[in-house]
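**Student:** Counted the way my numbering counts, the sequence shown spans residues 143 to 613.
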Amino acid sequence: MTREPNFLESVSRNFDKAAGLTDLPKGLLAQIKACNSVYQMRFPVRVGNDYEVIEAYRVQHSHHRLPTKGGIRYSQKVTQNEVMALASLMTYKCAIVDVPFGGAKGGVKISPREYTPAQLQKITRRYTAELIRKNFIGPGIDVPAPDYGTGPREMAWILDTYRTFKGDEIDAAGCVTGKPVTQNGIQGRTEATGRGVYYSIREAMSHADDMKAIGLTPGIEGKTMAIQGMGNVGHYTATIAQKEGGAKIICVAEYEGAIYKEDGIDFDALVKHRKKTKSILDFPGATNMKSRKDVLTVKCDILVPAALEGQIHKGNAKQVKAKIIAEAANGPVTANAEEILLKKNVMIIPDMYCNAGGVTVSYFEWLKNLSHLRFGRMEKRFNQGKYNDLVNKIEEATGKTIGAKEKNFLTRGADEIDLVRSGLEETMVMAYDQIRLIKKRKKNVEDLRSAAFINALNKISSDYLSLGIFP
Ligand code: GLU
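Here it is as structure tokens:
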């Protein structure tokens with residue numbers, strides 16, 4: 143086995159493995175794989191009495207569809223290499239869930255904890271101004287979103303800066319997604335990635351034959367789950383898997399350590415405990431583990447790495463005892479680790495599908511911004527009227543009266559949140575079916591990541607071929 147690959151090398155190896163299983167032309171594959179535009183910037187920001195030079199990036203991996211799309215990460219670990227890997231994953235991710243974007247990603251090399259909100263605002267506004275100057279942002283050009291270390295607050299600053307420069311653009315609100323709901327955002331975006339991760343696990347576990355092959359019974363209910371990271375993605379994956387799926391969360395890890403509780407951790411209570419004590423440790427009824435990394439090797443049915451890349455590598459992959467790894471983070475399993483895990487018959491739900499819920503709901507938000515219309519506004523009352531007529535007819539025909547509460551439930555028209563969740567669920571279910579079918583039908587495809595890649599490559603190449611660039 144080779145030395146541990148870096149993130150971009152891991153993505154590249156996975157790409158090559160899948161590309162080798164297709165009969166697409168080599169030149170076309172090379173074009174799909176390449177990062178089209180890499181913008182590296184340095185800009186000064188006044189911090190206290192001095193200036194600090196901030197290093198930042200925006201990478202547009204593929205322009206086969208426009209705009210390009212992908213989050214902005216604030217982290218001390220940001221490098222050009224990392225942002226390129228993340229931008230590449232965005233291209234495949236968008237293709238897999240059929241959202242009409244090319245892939246992109248941004249990174250600002252700072253540790254947000256070390257700055258005040260006012261300083262973070264300055265950095266965000268300056269970064270946005272740099273993007274505007276180089277034509278690297280716009281509703282039809284490149285549309286950022288939250289990622290590790292950023293959230294709705296930063297997205298609101300980006301929109302406001304964009305408007306300062308381009309206030310006359312009618313679609314300006316679509317220049318960024320993941321905005322606060324009150325500022326041109328959409329209901330359900332915050333939970334979207336975690337909810338999508340939950341749907342991906344639920345789908346993967348719904349096939350009895352696939353589960354039998356890894357020694358599990360079908361269904362998520364009662365299965366043990368370990369979560370690495372209580373950030374936005376880990377938080378919502380855990381909450382939704384517990385409340386809607388009946389999963390048993392036995393282990394949680396965060397920055398300060400990891401805890402274990404065999405009969406299940408009440409995740410809401412853990413969130414409260416952490417808010418109060420500033421730590422997940424010493425949670426009533428749970429034991430503190432030796433190291434926060436122990437979460438990766440704990441015995442469980444489903445392991446959800448929801449933090450950063452490169453967490454499971456050739457050094458710890460052999461110790462992994464989970465039967466399923468759901469890649470809520472981007473790139474948590476290195477290419478070397480994957481080889482080991484596949485030999486151990488571990489099912490890996492790959493990042494580019496597993497965490498695509500975020501960009502899916504970003505797509506809905508962008509559509510909302512471009513249409514200048516809230517989902518549900520036109521049809522909700524109309525549908526309610528029709529359902530009411532129907533219920534009245536049933537009452538008439540049966541001679542029975544339906545109680546007011548039940549009637550309200552049956553006749554309710556869909557709100558924005560209902561439509562967003564329904565669209566997200568449909569997207570995740572459809573995408574899983576496609577990937578699974580490729581794995582089942584195509585010779586030599588042994589893992590879900592290769593199947594997902596092949597699905598993405600087929601879709602992207604057909605875009606290129608229809609452009610007439612490649613004969
Ligand atoms: N940062 C998220 C991701 O990695 C969301 C991207 C988006 O919504 O554009 O998928």
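Quick reminder that beta carbons are idealized off the backbone N, C-alpha and C, glycines included.
Measuring only from the beta carbon, is PRO447 closer than 7 angstroms to any heavy atom that is part of the ligand GLU?
**Tutor:** On the sequence shown, residue 447 is found 305 positions in, with the first residue counted as 1. For PRO447, the shortest separation between its Cβ and any heavy atom of the ligand GLU does not lie below 7 angstroms.
**Student:** Can the beta-carbon of LYS456 be found less than 8 angstroms from the beta-carbon of GLU146?
**Tutor:** In the sequence shown, residue 456 corresponds to position 314, counting from 1. In the sequence shown, residue 146 corresponds to position 4, counting from 1. Yes, they are a contact pair.
**Student:** By a C-beta neighbour count over all protein chains shown, 10 Å radius and 16 as the cutoff for buried, is HIS206 buried or exposed?
**Tutor:** If you number the sequence shown from 1, residue 206 lands on position 64. Its Cβ being crowded by 16 or more others within 10 Å, HIS206 is buried.
**Student:** Give me, in chain order, the residues of the same chain whose beta-carbon lies closer than 7 angstroms to that of CYS496; leave out the 5 immediate sequence neighbours on both sides.
**Tutor:** Your numbering for residue 496 matches position 354 in the sequence shown. Hits under 7 angstroms: VAL339, SER342, ALA468, GLU469, ALA470.
**Student:** Indicate the three-state DSSP secondary structure (helix, strand or coil) for ALA449 in the structure shown.
**Tutor:** Residue 449 sits at position 307 when you count from the first residue of the sequence shown. ALA449: coil per DSSP, three-state reduction.
**Student:** With 16 as the cutoff for other CB atoms within 10 Å, does HIS514 come out buried or exposed?
**Tutor:** Taking the sequence shown and counting its residues from 1, one reaches residue 514 at position 372. It is exposed - the Cβ of HIS514 has fewer than 16 other Cβ atoms within 10 Å.
**Student:** Spell out a yes or no on whether the stretch 186-200 and the stretch 148-168 are touching, meaning 3 or more CB-CB pairs, one atom from each, closer than 8 angstroms.
**Tutor:** no
**Student:** Where ARG523 and ILE392 are concerned, what is the direct C-alpha to C-alpha distance, given to the nearest angstrom?
**Tutor:** To locate residue 523, count along the sequence shown from 1; it is residue 381. To locate residue 392, count along the sequence shown from 1; it is residue 250. Cα-Cα distance, rounded: 44 angstroms.
**Student:** What are the residues that DSSP puts in a beta bridge with TYR181?
**Tutor:** Taking the sequence shown and counting its residues from 1, the one referred to as residue 181 is at position 39. For TYR181, which the question treats as bridged, DSSP gives the partners ARG200.
**Student:** With H, G and I counted as helix, E and B as strand and the rest as coil, what does DSSP make of THR543?
**Tutor:** Here residue 543 refers to the residue found at position 401 when the sequence shown is read from its first residue. Of the three classes helix, strand and coil, the one that applies to THR543 here is coil, per DSSP.
**Student:** Excluding the 5 residues flanking GLU451 on each side, which residues of the same chain have their C-beta closer than 7 angstroms to its C-beta?
**Tutor:** Taking the first residue of the sequence shown as position 1, residue 451 is located at position 309. Here the set comprises PHE149, ALA471, ASN472, GLY473, PRO474.
**Student:** Alpha carbon to alpha carbon, what distance is there between GLY499 and ARG337?
**Tutor:** Within the sequence shown, the letter at position 195 stands for residue 337. Within the sequence shown, the letter at position 357 stands for residue 499. Distance between the alpha carbons of ARG337 and GLY499: 7 angstroms.
**Student:** According to DSSP, is GLN261 helix, strand or coil?
**Tutor:** Along the sequence shown, one-based indexing puts residue 261 at 119. Looking at GLN261 - three-state DSSP - the assignment turns out to be helix.
**Student:** Less than 8 angstroms between the CB atoms is what I'm expecting for GLY518 and LEU561, so what's the real figure, rounded?
**Tutor:** Here the question's residue 518 lines up with position 376 in the sequence shown. Here the question's residue 561 lines up with position 419 in the sequence shown. At roughly 6 angstroms, the Cβ-Cβ gap stays under 8 angstroms, so GLY518 and LEU561 are in contact.
**Student:** Alpha helix (DSSP H) containing THR303: first to last residue?
**Tutor:** Looking up residue 303 in the sequence shown gives position 161. Here the alpha helix (DSSP H) through THR303 covers 294-308.
**Student:** How far does the alpha helix (DSSP H) with GLN222 in it extend, from its first residue to its last?
**Tutor:** What you label residue 222 is simply residue 80 of the sequence shown in a count that begins at 1. Residues 222-238.
**Student:** From LYS211 to LYS460, what distance separates their C-alpha atoms?
**Tutor:** In the sequence shown, residue 211 corresponds to position 69, counting from 1. In the sequence shown, residue 460 corresponds to position 318, counting from 1. Each residue's alpha carbon lies about 35 angstroms from the other.
**Student:** Would you say TYR587 touches the ligand GLU, meaning its beta carbon is less than 7 angstroms from a heavy atom?
**Tutor:** Taking the first residue of the sequence shown as position 1, residue 587 is located at position 445. As written in the sequence, residue 587 is Val, which differs from the Tyr given in the question. Not so, every heavy atom of the ligand GLU lies at least 7 angstroms from the Cβ.
**Student:** Per DSSP, which residues does VAL285 bridge with? Please list them.
**Tutor:** On the sequence shown, position 143 is the one that residue 285 refers to. DSSP output for VAL285 lists LYS211 as bridge partner(s).
**Student:** Using a Cβ-based criterion (distance less than 7 angstroms to any ligand heavy atom), does MET489 qualify as near the ligand NAD?
**Tutor:** Here the bound small molecules are the ligand GLU; the ligand NAD is not part of this structure.
**Student:** Could you tell me whether the stretch 481-491 touches the stretch 298-306, using the rule of 3 or more Cβ pairs below 8 angstroms?
**Tutor:** no
**Student:** Quick check on the DSSP output: the alpha helix (DSSP H) that includes VAL394 runs from which residue to which?
**Tutor:** Position 252 of the sequence shown, counted from the start, is the residue given in the question as residue 394. Following the DSSP letters along the chain, one finds VAL394 in no alpha helix (DSSP H) but inside the beta strand (DSSP E) bounded by residues 390-396.
**Student:** Which of the three DSSP states is assigned to ASN478 in this structure?
**Tutor:** One-based indexing of the sequence shown puts residue 478 at position 336. Residue state, collapsed to three classes: helix.
**Student:** Can you tell me where the beta strand (DSSP E) holding THR366 begins and where it ends?
**Tutor:** Counted from its first residue, the sequence shown places residue 366 at position 224. THR366 -> beta strand (DSSP E) spans 366-370.
**Student:** Go ahead and label ASP443 buried or exposed: buried means 16 or more other beta carbons lie within 10 angstroms of its beta carbon, across all protein chains shown.
**Tutor:** Counting from one through the sequence shown, the residue named residue 443 turns up at place 301. ASP443 comes out buried.
**Student:** I need the straight-line Cα distance from VAL533 to GLU567, nearest angstrom please.
**Tutor:** As a first step, residue 533 must be located in the sequence shown, where it is residue number 391. As a first step, residue 567 must be located in the sequence shown, where it is residue number 425. Distance between the alpha carbons of VAL533 and GLU567: 27 angstroms.
**Student:** In whole angstroms, give me the CA-to-CA distance for LYS308 and ILE490.
**Tutor:** If you number the sequence shown from 1, residue 308 lands on position 166. If you number the sequence shown from 1, residue 490 lands on position 348. C-alpha separation (whole angstroms): 44 angstroms.
**Student:** By DSSP, does LEU176 sit in helix, in strand, or in coil?
**Tutor:** The count along the sequence shown starts at 1 and reaches residue 176 at position 34. The residue you asked about is not Leu; residue 176 is Ala in the sequence shown. Three-state result, ALA176: coil.
**Student:** Between the stretch 427-440 and the stretch 383-402, can you find at least three pairs of beta-carbon atoms closer than 8 angstroms?
**Tutor:** Contact holds: three or more Cβ-Cβ distances are below 8 angstroms.
**Student:** Which term fits ASN191, buried or exposed, when burial requires 16 or more other beta carbons within 10 angstroms of its beta carbon?
**Tutor:** Taking the sequence shown and counting its residues from 1, one reaches residue 191 at position 49. Exposed.
**Student:** Helix, strand or coil for ARG578 per DSSP?
**Tutor:** For the purposes of this step, residue 578 is identified with residue 436 of the sequence shown, where counting begins at 1. In this structure, ARG578 counts as helix in the three-state DSSP scheme.
**Student:** Since GLY248 and TYR199 are thought to touch, with beta carbons under 8 angstroms apart, how far apart are those beta carbons, to the nearest angstrom?
**Tutor:** Your numbering for residue 248 matches position 106 in the sequence shown. Your numbering for residue 199 matches position 57 in the sequence shown. Contact flag correct, Cβ pair sits at about 6 angstroms.
**Student:** Examine chain B for any beta-carbon lying closer than 8 angstroms to the beta-carbon of ARG516, and answer yes or no.
**Tutor:** Protein chains in the displayed structure number just one, and chain B is not present.
**Student:** Per DSSP, what kind of secondary structure is GLU194 in: helix, strand or coil?
**Tutor:** Taking the sequence shown and counting its residues from 1, one reaches residue 194 at position 52. Of the three classes helix, strand and coil, the one that applies to GLU194 here is strand, per DSSP.
**Student:** What's the call for MET520, buried or exposed, on a 16-neighbour Cβ count within 10 Å?
**Tutor:** Taking the sequence shown and counting its residues from 1, the one referred to as residue 520 is at position 378. By the 10 Å Cβ count, MET520 comes out exposed.
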